[in-house]
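Quick note: to get the working numbering, add 52 to the position in the sequence shown (first position is 1).
All residues carry an ideal CB built from backbone N, CA and C; glycine is no exception.
Please read these numbers as outputs of a predicted model, since none were measured by experiment.
Just below is one structure, and these are the notes that go with it.
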Amino acid sequence: MAPPPPTPASDPDRSAQALLASGPPSTETTQRHGAVVLCGGRSSRMGSPKAWLPFAGEPMLARVVRILREVVGPVVVVAAPDQLVPPLPDPVRLVRDPVEGLGPLAGLAVGLQALAGGGRCESAYLSSCDVPLLRPAFVRHLLSLQTAEIDAVVPVAAEYYHPLAAVYRVELAGLATELVAAGQRRPLALLEHTRLHGRVCRVPVDSLRSVDPELDSLVNLNTPADYQAALRRVGSTGTADTAPARAVGHE
């Protein structure tokens, strides 16, 4: 199962290799990193809500949240307005898109706004909820490349971005909101905005094999076949759980 087709990108802005020379951030800085998990998609190709799909004993959304909490501090889950969501741990905050169907850029904007409100979080790793093979080392490595001069860190394969497996400075919430109001739907619009010129670190995906040899962190599950293949990877079986009668979480 190969990584999903990513989003077309433009030319490189910054060299990841150059940034690596400065070394990883301090523990204090790492604690100021957060994560935004998007789960408001319609799961049309999967045929059932991805967030609820059982994976190795837990709903897929819960698994992704748990993995991210091994690396970052605050985690925000962004759901559709009336979406049913599996139970989340107490520290995890659930927020909702103000309008359904505005795309992942709107979810990113809402998530960054939630993290910016506390005043302690500097940047966030953005993830979808359908990456159960996500590796903590992958997330940790991308976060280590975010510096005061860098507003976003994104994996790139040839001429393509992977914007749903990237790091964004929380201060970009305002710009993301402006772009959504202007009709933009994809995070690529944020990464390519002129305000970020020279402030995006583009990381070749092959360089990430040192922390994720099979690039599992870039594999999202879109179809039942993808789901079954991923279950086989971890030696697990399962079918979709039935969602409860009401939404749950910490809003």
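| Check | Outcome |
| --- | --- |
| Do the CB positions of VAL128 and GLY163 come within less than 8 Å of each other? | yes |
| Count the other C-beta atoms from every protein chain shown that fall within 10 angstroms of the C-beta of SER262, then say buried if there are 16 or more, exposed otherwise. | exposed |
| Ends of the beta strand (DSSP E) at LEU90? | 85-90 |
| Which whole runs of the beta strand (DSSP E) in the segment 239-296 are 3 residues long or more, in chain order? | 252-256 |
| How would you label SER288, buried or exposed, when you count the other beta carbons within 10 angstroms and need 16 or more for buried? | exposed |
| My output table needs one value for VAL208: the three-state DSSP class, helix, strand or coil. | strand |
| Look up VAL219 in the DSSP assignment and give the residues it is bridged to. | TYR177 and VAL205 |
| Should SER96 be labelled buried (16 or more other beta-carbon atoms within 10 Å of its own) or exposed? | exposed |
| Report buried or exposed for HIS249, applying the criterion of at least 16 other Cβ atoms within 10 angstroms of its Cβ. | exposed |
| Going by DSSP, name the residue or residues bridged to ARG313. | In the structure as shown, the chain begins at 53 and stops at 303. Residue 313 is therefore absent and cannot be evaluated. |
| Short check: CB of VAL252 to CB of LEU240, under 8 Å? | no |
| What does PHE107 pair with, by DSSP beta-bridge criteria? | GLU110 |
| Tell me whether the beta-carbon of LEU146 lies closer than 8 Å to the beta-carbon of VAL232. | no |
| Taking the CB atoms as reference points, tell me whether SER180 and LEU216 lie closer together than 8 Å. | yes |
| Would you please state the rounded distance, in angstroms, between the beta carbons of VAL130 and GLY92? I believe it to be under 8 Å. | 6 Å |
| Should the segment 207-214 be called in touch with the segment 115-124, which here means at least 3 C-beta pairs below 8 Å? | no |
| Starting from HIS193 and walking both ways along the alpha helix (DSSP H), at which residues does that stretch end? | 188-196 |
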